[in-house]
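Numbering (our numbering), first residue to last: 120 to 373. Here's the structure, in structure tokens; my notes come after.
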Ligand code: ADP
Ligand code: MG
């Protein structure tokens, strides 16, 4: 599991007025959970994810991953950012293999895994294509396969579908739930969409405007597997309203 304790992040700035991006964030994520974090723009969501990804230092507090203090990027974590950040000169398969090279894993074995993951994300037949030959949704699927290729326990996702059109986004949400169920991963997904946060999650973490802190945790007891029809149900609407109330009380809209 991931255990976050009293996490603070203060950015120094040019004008000498430091920015407190995270304030005393405490969060435990259990194995197998799907947790979403929703909050207004600038509340520190990306900051939180970068710290968990091991690419940004925190100012104080601690992060434990499976009981061990996090120091730099961990092999137990896979990360998906809003932009898929694919290497344009590499094929789809070669892009998925990047973490294998960085972590010096067994190439032959990992290649099989990479091909299976491309099947899983609906890209069978695209292994030898180049990123520019793919749509935005397909590129993000490559990003997801790349994040899973070293078989991490946890998948961290920062607004992974934020740049996609609404229909593609719905489709990607359904696919992500299937991947989560099939691979038995633990997922922390950040979004500014309340509906997306509710649709995916076992638990929605609501963050307040700066300095970012957790203002509420809402358990989502909608049945699984989730379907797009559920979005029109009163129960779903009630969850969305509950989350929105927090933002209205806070004076900010995500
Ligand atoms: P979110 O992802 O929720 O939109 P961020 O984590 O990107 O928010 O940013 C949180 C706050 O920290 C914002 O006010 C942002 O301007 C500030 N911030 C982010 N990165 C830096 C940085 N490198 N230096 C200074 N301030 C930063
Ligand atoms: Mg962000």
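Think of the CB as a built atom: it goes at the ideal place given N, C-alpha and C, for glycine as much as any other residue. On a predicted model such as this, the values are computed, not experimentally measured, just so you know.
Close beta carbons around residue 286, own chain, < 7 Å, minus the five adjacent residues each side: none
Cβ of residue 160 versus every heavy atom of the ligand MG: is any distance shorter than 8 Å? yes
Please state if the CB of residue 151 and the CB of residue 248 are separated by a distance shorter than 9 Å. no
Bounding residues of the alpha helix (DSSP H) (the contiguous stretch that carries residue 361): 353-369
Is any heavy atom in the ligand ADP found nearer than 8 Å to the beta carbon of residue 310? no
Which same chain residues end up closer than 6 Å to residue 170 when comparing Cβ atoms and leaving out the 5 residues on each side of it in sequence? 177
Could you tell me which of 326, 321, 327 and 275 sits nearest to residue 306, measuring between CA atoms? 275
Whole-Å CB distance - residue 330 paired with residue 140, under 8 Å assumed: 7 Å
Tell me the residue span of the alpha helix (DSSP H) that contains residue 336. Taken as a continuous stretch (DSSP letters only), residue 336 belongs to no alpha helix (DSSP H), being part of the beta strand (DSSP E) at 333-338.
Can the beta-carbon of residue 311 be found less than 9 Å from the beta-carbon of residue 335? no
With a 10 Å radius around its C-beta and 16 neighbouring C-beta atoms as the bar for buried, classify residue 357 as buried or exposed. exposed
Quick one, are the C-beta atoms of residue 257 and residue 273 less than 9 Å apart? no
By DSSP, does residue 210 sit in helix, in strand, or in coil? coil
Report, in whole angstroms, the separation of the C-beta atoms of residue 322 and residue 339, which I expect to be a contact under 8 Å. 7 Å
So residue 140 is in the alpha helix (DSSP H); what residue range does that whole segment cover? Segment 138-148 is the beta strand (DSSP E) holding residue 140; no alpha helix (DSSP H) there.
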